[in-house]
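For what it's worth, the working numbering labels the leading residue of the sequence shown as 1, then goes sequentially. The beta carbon of each residue, even a glycine, is placed where N, CA and C say it ideally should be. The structure under discussion appears below in the form of structure tokens.
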Amino acid sequence: MNDTEILGFQTSDLLLHLSYLMLVAGSFVRTILPLRIMIIVSTVAGFLSGLYTGYGSMVMWEAGFFVVNAVQVIILVRERRAVQLTDEEKELHKRKFSALSLVDFYRLIRRGTWVSAVTGEKLTLQGAPVVRILILSEGAAQVEIDNTVVAYCRFGDFVGEMAFVSGNAASATVTTVTETRYLMWRSEELRELLAKHPDIMSALQTVFSKNLIEKLSRDVRHPEIGSVGA
Numbered sequence: 001m002n003d004t005e006i007l008g009f010q011t012s013d014l015l016l017h018l019s020y021l022m023l024v025a026g027s028f029v030r031t032i033l034p035l036r037i038m039i040i041v042s043t044v045a046g047f048l049s050g051l052y053t054g055y056g057s058m059v060m061w062e063a064g065f066f067v068v069n070a071v072q073v074i075i076l077v078r079e080r081r082a083v084q085l086t087d088e089e090k091e092l093h094k095r096k097f098s099a100l101s102l103v104d105f106y107r108l109i110r111r112g113t114w115v116s117a118v119t120g121e122k123l124t125l126q127g128a129p130v131v132r133i134l135i136l137s138e139g140a141a142q143v144e145i146d147n148t149v150v151a152y153c154r155f156g157d158f159v160g161e162m163a164f165v166s167g168n169a170a171s172a173t174v175t176t177v178t179e180t181r182y183l184m185w186r187s188e189e190l191r192e193l194l195a196k197h198p199d200i201m202s203a204l205q206t207v208f209s210k211n212l213i214e215k216l217s218r219d220v221r222h223p224e225i226g227s228v229g230a
């Protein structure tokens, strides 16, 4: 290919600058699909720059990077299309897990089980091992330490998260005080998922911390008991 000039610059140089500019810009992108697309643009520009200059090794490597990232984009798009959320799950994602992509959130909820509980069900028992973690979607539960009610859980509150993180026994007894619906994960299955997907683990730790602050800031005398829309 002829290496023509554009505004005094060689075409190959402009393409090479574009290639590196896309890589630099991509380093500021936090979501994976836009990042992959920017890498593809970078590889196309680098590929063309290599053609203009006759740099065969550059052409070969850029073509390889293009194929790898193009395949990954196709996989990501297919995963997004496969995401099917109920209204309840969409609300949970919007209000509690917005830091997670829809694909990662879908991975998370697929590992869980939706459960409907009657009033009076024990979700955890003080001093007993905790083998599951859950988040309330509807209803409410009371938290007791040494037979004294110290807090109430409502929509978006986790139960068993501290034991999940520390590996200790339950520090409180949590009992439903209304008909309740929650999403539940077995601790070992959730750990397996988080080990495979560090982004989910990071987001979940942030959600745990925010939820703990919310719980501690509430007045136990005036529990705000509500459902998803509360």
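| Asked | Found |
| --- | --- |
| To test your reading of the DSSP string, which unbroken alpha helix (DSSP H) runs of 4 or more residues are found completely within the segment 40-102? | 56-82, 87-96 |
| Quick check on this structure: which residue in W61, A172, V159, G112 has the alpha carbon closest to the alpha carbon of W150? | Reading off the sequence, residue 150 comes out as Val, not Trp. That would be A172, whose Cα lies nearest to the Cα of V150. |
| Following the continuous beta strand (DSSP E) through V149, name the residue where it begins and the one where it ends. | 148-153 |
| Determine which residues share a DSSP beta bridge with S187 and list them. | The partner list for S187 (beta bridge, DSSP) is empty, contrary to what the question assumes. |
| Helix, strand or coil for F232? Go by DSSP, reduced to three states. | As shown, the chain starts at 1 and ends at 230. That puts residue 232 outside it, with no answer to give. |
| Based on the DSSP secondary-structure assignment, which residues constitute the bridge partners of V115? | Y182 |
| Nearest by alpha-carbon distance to P34: which of M22, A169, V44 is it? | M22 |
| Is it buried or exposed, K196, if we count other Cβ atoms within 10 angstroms and call 16 or more buried? | exposed |
| Identify whether L136 lies in helix, strand or coil by the three-state DSSP scheme. | strand |
| For G8, which of helix, strand or coil comes out of DSSP? | Caution is warranted here: a pLDDT of 48 is assigned to G8, below 50, making its placement in the model unreliable, and no coordinate value can be reported. |
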